[in-house]
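When you read off a place in the sequence shown, starting at 1, and then add 1, the result is the number in the working numbering. Here a beta-carbon is modelled for each residue, glycine too, at the ideal position from N, C-alpha and C. A quick write-up on the structure given underneath.
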Amino acid sequence: MKLFSTETYKNRRNQLKKTLGNGQILFLGNNEAPMNYTDNTYRFRQDSSFLYFFGINLPGLSALIDIDKDEETIFGHEYTIEDIIWIGSQKTLRSLAEAVGINSTKSPSELKNAINVNALKYLPPYRFENKLFLAELLNISPSSLNPSIDLIKAVIAQRELKSEEEIEQMTIAVNITREMHISAMKAVKPNMMEYEVVAKIMETMHSHHAELSYPVIFSVNGQTLHNHYHGNKMLAGQIAINDSGCENDMMYAGDITRTIPVSGKFTSKQKEIYDTVLEMEVDSISSLKAGLAYRDVHISANRILLNNLKSIGLVNGDIEEMLNQGVGGLFMPHGLGHQIGLDVHDMEDLGENYVGYAEGQERSTKLGLKSLRMAKKLEAGHVITVEPGCYFIPELIQKYKSEGIFTEFVNYSKLEEYYDFGGIRIEDNVLITENGYQILGESIPKTAEEVEEVMNL
Ligand code: GLY
Ligand code: MN
Ligand code: MN
Numbered sequence: 002m003k004l005f006s007t008e009t010y011k012n013r014r015n016q017l018k019k020t021l022g023n024g025q026i027l028f029l030g031n032n033e034a035p036m037n038y039t040d041n042t043y044r045f046r047q048d049s050s051f052l053y054f055f056g057i058n059l060p061g062l063s064a065l066i067d068i069d070k071d072e073e074t075i076f077g078h079e080y081t082i083e084d085i086i087w088i089g090s091q092k093t094l095r096s097l098a099e100a101v102g103i104n105s106t107k108s109p110s111e112l113k114n115a116i117n118v119n120a121l122k123y124l125p126p127y128r129f130e131n132k133l134f135l136a137e138l139l140n141i142s143p144s145s146l147n148p149s150i151d152l153i154k155a156v157i158a159q160r161e162l163k164s165e166e167e168i169e170q171m172t173i174a175v176n177i178t179r180e181m182h183i184s185a186m187k188a189v190k191p192n193m194m195e196y197e198v199v200a201k202i203m204e205t206m207h208s209h210h211a212e213l214s215y216p217v218i219f220s221v222n223g224q225t226l227h228n229h230y231h232g233n234k235m236l237a238g239q240i241a242i243n244d245s246g247c248e249n250d251m252m253y254a255g256d257i258t259r260t261i262p263v264s265g266k267f268t269s270k271q272k273e274i275y276d277t278v279l280e281m282e283v284d285s286i287s288s289l290k291a292g293l294a295y296r297d298v299h300i301s302a303n304r305i306l307l308n309n310l311k312s313i314g315l316v317n318g319d320i321e322e323m324l325n326q327g328v329g330g331l332f333m334p335h336g337l338g339h340q341i342g343l344d345v346h347d348m349e350d351l352g353e354n355y356v357g358y359a360e361g362q363e364r365s366t367k368l369g370l371k372s373l374r375m376a377k378k379l380e381a382g383h384v385i386t387v388e389p390g391c392y393f394i395p396e397l398i399q400k401y402k403s404e405g406i407f408t409e410f411v412n413y414s415k416l417e418e419y420y421d422f423g424g425i426r427i428e429d430n431v432l433i434t435e436n437g438y439q440i441l442g443e444s445i446p447k448t449a450e451e452v453e454e455v456m457n458l
C-alpha cells in the first residue's frame, strides 16, 4: 500500500478540524462487496474521502476525529492468525495508523461508546451497507440520516484543490491511460470484435499495475454516451469511441476519450464532424484560466458546435438564439466536463451541485446544460475534464422531429444522412494553474492526422 508522507495526512486533517472548529467527524471506509457470495468479492475500492484523510486502503475501517477532545482514532480489527493463513502476513493496523499520524486504534465495537450523537458530523453514505451501519449506530432509520452540509463543503473545499503530490499521481494515471489509448489505436482493424480491442486496453493497463477508474466505454455505437457493450464487429468505414482510463496505485484517476476510424482513415464526412469536436476541445482548453466560470466554457463550446453544424447545413438560423433555446443539446446532450481526482467524477458522492455549482448558481433544465457537472468558477488547483462531443442519436432526433421541437433551426431531412454516423468525443484532463492551465500527461494523439498516423505505423 502506497502512502503520502505522515505530514500530508496530518495537515489535511488539521485543515479540516480548523475549518469545522468543533464536534466529532466520522468517516466510514468501505467494506468488501460480495459478488455472488460473501467470500467472492468485487475488487475492493476504498472510499475516496477516507483515502484522502487516512490513506489506509483496507476494508472494514472507520475513523473518528474528536475536535473537542483533540483525539483521532481508527476503528478496525487487527488481523488474526486465521486471516493470515488465507491472506499472508500483513502490516498491523496500528503501524499503518502510525504511518498516517494516528496513534490510537480500537476495535469496531468501541465506536458506539466513542460517539456523541449530538456533535457528530458525517458525509452522505452511498453504499447501502454503510447506510445501514450508520443508521444502526445512531439508532435511527436509514431514511433519517442527516449528513452534515458543513462537513460536505469543508471536504470539497480541500479535495478540489489538488496539491503538487496529487498532480504527480494524476499525471502517472493519465500517462498510463495514454498508453491504453495508443494500444487501442494500434490494435483497431476492420472486422475485429470490439472486445478484442478492450482486451488490449486492459492488458496495457494491468501491465502498469493499474485498475479501471470506470468501466471501459469502447464502441462503434458512440452515439450512446456510456456504451459498455463490447460485442460488435467493427466494420471499415465506422468510427469507434474509446473512453477509458485507469486509477493508479494511489487511486488517482485518468479519464481520456479518443475517437478512432476503424479503417485507419476518417472519411471526409467524419472528418468534418471530428474537426468540429477537436475545435471545441482545443478552443475550450486554450480559454481556461482561474476566475472563468466553466459554464461559460460549455456554452462557448456549444457555439462552435452550432457554427460548424450551420456551415455543414445541419442547422440554420441565429446562433445566439439557438444557444438560448439549447439546440446544441440535441447534438451534445452532456456537459463539457467534471472535476477529477481520487474519483473519476470527483466527489460526486458528496452531491454534484456542491462540487460543481457555486452557492446560488442555478442548474439548467435544458438537455445538455442540465448534465453539466462543473459550472462554477475555475480556481488554480482544480483538475477538470474537457470532453466535448457530437452525436447523432436517431431515436432522439426522430422524437424531436415528431414533436416539432427546433423545427425552425434543425434541418431534419439532411440529418437523416447521419443516422448511422455514431458519435465523436475527445477528452483530456486539465489542471488550472495560477497563470492558465496545463494538460496532464504527455500528449496523446488527437488531431485526425495524429490518430491516423499511430493507427498506420
Ligand atoms: N468516463 C466518463 C466520463 O467521461 O465522464
Ligand atoms: Mn470519459
Ligand atoms: Mn469524463
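For D244, the beta-bridge partners assigned by DSSP are I218, T258.
Nearest to I425 by alpha-carbon distance, out of Y438, P389, M36, M203, is P389. E161 sits in coil when the DSSP states are folded into three classes, being neither helix nor strand. Pairing D421 with K415, the inter-Cα distance amounts to about 13 Å.
Counting C-beta pairs with one atom in each stretch, the segment 395 to 409 and the segment 192 to 200 have fewer than three that are closer than 8 Å, which means they do not touch. Taking the C-beta atoms as reference points, K113 is found no nearer than 8 Å to Q25. Assignment of beta-bridge partners to Y53 by DSSP yields no partner. Shown here for P334: same chain residues with a beta carbon closer than 6 Å to its own, the five before and five after excluded, namely L368, G369 in chain order.
In the structure shown, P35 falls within a strand segment according to DSSP collapsed to helix, strand and coil. Setting aside the 5 residues that flank it on each side, T386 is surrounded in the same chain by D256, G338, H339, I341, E428, N430, each with a C-beta closer than 6 Å to its C-beta; the list follows chain order. The alpha carbon of I440 has as its nearest neighbour, out of E83, T172, K92, D84, the alpha carbon of T172.
Between the C-alpha atoms of E130 and S288 there is a straight-line separation of about 43 Å. Taking C-alpha positions only, L59 is separated from A174 by approximately 21 Å. By the Cβ neighbour-count rule, Q362 is exposed, with fewer than 16 other Cβ atoms within 10 Å of its own. Using a cutoff of 7 Å, the CB of D244 counts as near ligand 2, since one of the ligand's heavy atoms is closer than that. In this structure, F76 places its C-beta atom within 8 Å of the C-beta atom of A64. In this chain, the alpha helix (DSSP H) harbouring E396 covers 395 to 403.
Annotation note: the segment 268 to 292 contains the following uninterrupted alpha helix (DSSP H) runs of length 4 or greater, listed N- to C-terminal: 269 to 288.
Note: M194 is bridge-paired with K234 in the DSSP secondary-structure output. Counting the other Cβ atoms within 10 Å of the Cβ of N23 gives fewer than 16, which makes it exposed.
D244 is not a Cβ neighbour of A449, given a cutoff of 8 Å.
Assignment of A294 by DSSP, reduced to helix, strand and coil, places it in the strand class. In this structure, T386 has its CB closer than 7 Å to one or more heavy atoms of ligand 3.
Here the segment 206 to 217 does not lie against the segment 143 to 156, with fewer than 3 beta-carbon pairs under 8 Å apart. In this structure, L432 and V356 do not form a Cβ contact; the two beta carbons are roughly 17 Å apart against a cut-off of 8 Å. Remark: the C-beta of D344 is outside contact range of ligand 3, defined as less than 7 Å to any heavy atom. DSSP lists no bridge partner for S444. The DSSP-derived three-state label of V431 is strand.
Of all alpha-carbon atoms in E282, A136, E435, K187, the one lying nearest the alpha-carbon of V455 is that of K187. Taking C-beta atoms under 8 Å as the contact rule, Y253 and L324 fail to qualify, at a distance of about 35 Å. By a beta-carbon distance limit of 8 Å, L29 contacts L135. Their separation comes to about 7 Å.
Following the DSSP letters along the chain, one finds Y10 inside the alpha helix (DSSP H) bounded by residues 7 to 21. Assignment of L62 by DSSP, reduced to helix, strand and coil, places it in the coil class.
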